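Here the protein sequences line up with chains A and B, keeping their order.
Numbering follows our numbering, in which position 40 of the first sequence is assigned residue number 50; successive positions increment by one, without gaps.
Numbering follows our numbering, in which position 80 of the second sequence is assigned residue number 82; successive positions increment by one, without gaps.
Ideal Cβ positions, reconstructed from N, Cα and C, are used throughout, including at glycine.
Just so you know, these numbers come straight off a predicted model, no measurement behind them.
Below is one structure; the comments refer to it alone.
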Amino acid sequence: VILRLHLVRLARARRPVAAALLMVLFLGLMLLGFWTYAQDKSGGRAEFRYTYENESYFTGLTFAVYAFYFGFLLILPVLVATEGAIQVAGEAADGTLRLLLGRPLSRARLFLTKLAVATGFGTWLTFLLLTLSLTVGLLLVGWGDLDLYPGVLQMTAEHQHLEQRVALVRFVLAWPAASLALLAPLALALLVAAWVRSPVQAVGVSVSLYLALYVVSQVHFFEALRPWLFTSSMTYWRGLFQEQVDWARLGREAARLVGFSSLFLALAAHRFRTREESA
Amino acid sequence: VNLRDAALELGLLLVAVAAFALGRPPAPEGDGWTPRPRGAGEARVVTWNVGRAHGRSGWPLAEEDLESVAADLLALDADVVVLQELEGHEQLRRLVERLGPAWTAFGSSGRGRVVALLARGPEVVPLEVDALGGRIVGARVATPAGALALVGVHADVRSSARRNETLGGALARLLATEADARVLLGDLNLDLDLDKRGDLFTDDEHGDARTYNHLTGPLFDAGLGRGATAEPDRRLDYVLPERGRLAAVAAGPWRERRKEGMDHDPLVADLVRAAPALQGSQ
Chain A
11 VILRLHLVRL ARARRPVAAA LLMVLFLGLM LLGFWTYAQD KSGGRAEFRY TYENESYFTG
71 LTFAVYAFYF GFLLILPVLV ATEGAIQVAG EAADGTLRLL LGRPLSRARL FLTKLAVATG
131 FGTWLTFLLL TLSLTVGLLL VGWGDLDLYP GVLQMTAEHQ HLEQRVALVR FVLAWPAASL
191 ALLAPLALAL LVAAWVRSPV QAVGVSVSLY LALYVVSQVH FFEALRPWLF TSSMTYWRGL
251 FQEQVDWARL GREAARLVGF SSLFLALAAH RFRTREESA
Chain B
3 VNLRDAALEL GLLLVAVAAF ALGRPPAPEG DGWTPRPRGA GEARVVTWNV GRAHGRSGWP
63 LAEEDLESVA ADLLALDADV VVLQELEGHE QLRRLVERLG PAWTAFGSSG RGRVVALLAR
123 GPEVVPLEVD ALGGRIVGAR VATPAGALAL VGVHADVRSS ARRNETLGGA LARLLATEAD
183 ARVLLGDLNL DLDLDKRGDL FTDDEHGDAR TYNHLTGPLF DAGLGRGATA EPDRRLDYVL
243 PERGRLAAVA AGPWRERRKE GMDHDPLVAD LVRAAPALQG SQ
């Protein structure tokens, strides 16, 4: 009953619809950028005479992998952190949390219900972004194999060529892998929300923390800090887009993300159990 | 305290501890190249920027370091060495004198500092690369891994577009040369590890990525994953052997060889003719 109640509240809040619209807008911008870039680099106007980029490089799968990569880093963590923050701080602010706690229901169960709803929402968002990226890529850019090269995005250290069929399987595997990665920013948001009462403050602090940690994990100057930041591991699913997948490494990165998520959740659950709800 | 609530927290903490233990990274692999005896059929090639990093343009190889550099090259027991930042042809001649009569050397044309290719053995034939301009030198050398065509380059330090022109031209020239296998090597002034604020070191990060990927189509990067070759923590020096024809048995920068003021390590690669399973591997 309590789970159904949370799901109904999520649907009524129209956050899923807003998230879907945001993704469509994002993919539109990505498509525009991808098209103009491909025109410049393969249309004979390139400044660099010697290059690997040509018309066969720009396929729907290339579009999908880059659209998903940017969307995963910039949009999905913000959406799941917002959801996590609203699940706790939003309900605390509008008084429904106090009403729920008045029922014969343990706080642990209530916390787990909120976690389940937010995790399900994150998994659905990941699926949506992946399928939308692939659909737009395959319909509007075209079918073909996936080629990834070393470059600015650090997707790979060596050229990787995946046949279309293999690449599509890797996209399917990327869904649970990327969903797992989103658990860490979600857990961080639940932790922040368990400490504050204003949903705006909870969302702002959670999103700011994620962005700050992400930037720090990307700057070479802070290399020594990387093992201590969950944002260093979040794009571990890129390892699936290699000709030879290093499963052991993928497993280690996934375990680290589970470690960070569990730690944040333990602290969040403790705070959620001990906090006082005022009228 | 509600025990069920507390059990949730304790359980999550235990999961965290177990997950962190499982996710602990393995001990890092040692980077660099360690001196080793060469096996049969192996050719050892080396590239080393021996200039000193002082001022805006740096300084060429110091005369007082000539003896020490020659000693290191002899200790390496290499077949082919490409050096960047020699003061001129006269300094190259003095260096070869110290290496002994078994060595043949060619320097790049033009004024100013010289890129030199030094090789051992009776069959060392220079390649005509002057038309490419810049600091380039090439030769065809008989080695234990077969007749190798090699082009040594010191690419432009400031302009990504000029690096693209020089390296693309050098690759085209190399691939047009008859040989059992081919190698492009030198200080290419490309660093693809761009999380190190690449914009501090290049005027076009995407341009450098294009150049690198163009080169590593027909060639492979023998020093990949073996550590930085230059200060500050950058990988600028490359040995790029031909895919499908050569494999790297061992490769990487040889540490602790820099003389005072130098900012590059010598990059060493031990190459053999490729069996299909060995192609591009280390």
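Item                                                                                                                                                                 : Value
Under 7 Å between the Cβ atoms of A:Glu-263 and A:Tyr-246?                                                                                                           : yes
CA-CA distance, B:Leu-15 and A:Ala-199?                                                                                                                              : 18 Å
Note down, in chain order, every chain A residue with its Cβ under 9 Å from the Cβ of B:Phe-108.                                                                     : Going along chain A, no residue has its Cβ under 9 Å from B:Phe-108, so there is no contact; the nearest lies around 25 Å.
Would you mind telling me which residues of chain B sit closer than 8 Å to A:Leu-159, beta carbon to beta carbon, in chain order?                                    : The residue you asked about is not Leu; residue 159 of chain A is Tyr in the sequence shown. Result: Ala-211, Asn-215.
Cutting at 7 Å between CB atoms, please list the residues of its own chain near A:Ala-30, excluding the five before and the five after it.                           : Leu-138
Tell me which residues share the same chain as A:Ala-48 and place their Cβ nearer than 6 Å to its Cβ, disregarding the 5 neighbours each side in the sequence.       : Phe-68
Flag this pair as touching only if the region 257-267 of chain B and the region 224-240 of chain B have three or more C-beta atom pairs under 8 Å; answer yes or no. : yes
If we ignore side chains and look at the alpha-carbon of each, how far apart do B:Arg-257 and A:Gly-214 end up?                                                      : 48 Å
How would you write the range of the beta strand (DSSP E) that B:Val-2 sits in, first residue to last?                                                               : With chain B running from 3 to 284 in the structure shown, residue 2 of chain B is simply not present.
For B:Pro-220, which residues in chain A fall below 9 Å Cβ to Cβ?                                                                                                    : Under the 9 Å cutoff, chain A gives no residues; its nearest Cβ is about 11 Å from B:Pro-220.
Would A:Val-202 pass as a contact of A:Ser-218 if the rule is Cβ separation under 7 Å?                                                                               : no
Have a look at A:Arg-22, A:Phe-73, A:Ile-12, A:Ala-177 and flag the residue whose alpha-carbon is nearest the alpha-carbon of A:Leu-42.                              : A:Phe-73
Check whether the Cβ atoms of B:Ala-357 and B:Arg-275 sit closer than 7 Å, and answer yes or no.                                                                     : One cannot answer for residue 357 of chain B here, as it falls past the ends of chain B, which runs 3 to 284.
Since B:Tyr-240 sits in a beta bridge, which residues does DSSP pair it with?                                                                                        : B:Gly-188
Look up B:Ala-211 in the DSSP assignment and give the residues it is bridged to.                                                                                     : Note: B:Ala-211 sits in no beta bridge, so no partner.
Find the nearest neighbour of B:Ala-178 within the set B:Leu-97, B:Ala-141, B:Leu-68, B:Gly-227, judged by alpha-carbon distance.                                    : B:Ala-141
Compute the Euclidean distance between the alpha carbons of B:Arg-2 and B:Gly-246, then round it to the nearest angstrom.                                            : Nothing can be reported for residue 2 of chain B: it is not among the residues displayed for chain B, which extend from 3 to 284.
Can you tell me whether B:Arg-199 is buried or exposed? The criterion is at least 16 other CB atoms within 10 Å of its CB, across all chains shown.                  : Low confidence applies to B:Arg-199: its pLDDT is 49, below 50, so where it sits in the model is not reliable enough to give any reading.
Report the partner residues of A:His-171 according to the DSSP bridge assignment.                                                                                    : A:Asp-157
Taking DSSP as the reference, what is the three-state secondary structure of B:Trp-105?                                                                              : strand
Run down chain B in chain order and give the residues with a C-beta less than 7 Å from the C-beta of A:Asp-255.                                                      : Asp is not the amino acid found at residue 255 of chain A; the sequence shown has Val there. Those do not exist, as A:Val-255 stays about 17 Å from chain B at its closest Cβ, beyond 7 Å.
State yes or no: is the beta carbon of B:Gln-281 nearer than 7 Å to at least one beta carbon in chain A?                                                             : With a pLDDT of 47 at B:Gln-281, under the threshold of 50, the modelled position of this residue cannot be trusted; read the value that follows with caution. Cβ-Cβ to chain A under 7 Å: no for B:Gln-281.
So, for B:Arg-95: in the same chain, excluding its five sequence neighbours on each side, which residues have a beta-carbon less than 7 Å away from its beta-carbon? : none
Taking just the CA atoms, how far does A:Thr-284 sit from A:Trp-205?                                                                                                 : 10 Å
I'd like to know whether the C-beta of A:Thr-123 is nearer than 7 Å to at least one C-beta of chain B.                                                               : no
Closer than 7 Å, CB to CB, is B:Leu-194 near chain A or not?                                                                                                         : yes
If you measure from the beta carbon of B:Ala-232 to each beta carbon in chain A, is any gap under 7 Å?                                                               : no
What does B:Glu-89 reach in chain A if we use C-beta pairs closer than 8 Å?                                                                                          : Correct list: empty, because the minimum Cβ distance to chain A is about 31 Å.
Taking the straight line between their C-alpha atoms, what separation do you get for A:Gly-54 and A:Ala-191?                                                         : In this prediction, A:Gly-54 scores a pLDDT of 49, lower than 50, which makes its location untrustworthy; no coordinate-derived value is stated.
Note down, in chain order, every chain A residue with its Cβ under 7 Å from the Cβ of B:Arg-245.                                                                     : By Cβ distance, chain A contributes nothing, its closest Cβ being about 10 Å from B:Arg-245, past 7 Å.
Using a Cβ-Cβ cut-off of 7 Å, state whether B:Arg-6 counts as contacting chain A.                                                                                    : yes
Check whether the Cβ atoms of B:Ala-151 and B:Arg-184 lie closer than 7 Å to each other.                                                                             : yes
At a CB-CB cut-off below 7 Å, which residues of chain B make contact with A:Ala-279?                                                                                 : Leu-10, Glu-11, Leu-14
How do the region 162-178 of chain B and the region 95-106 of chain B stand: do at least 3 beta-carbon pairs fall below 8 Å, yes or no?                              : no
Tell me the DSSP bridge mates of B:Asn-51?                                                                                                                           : B:Gln-86
Does B:Val-155 come out as helix, strand or coil in the three-state DSSP assignment?                                                                                 : strand
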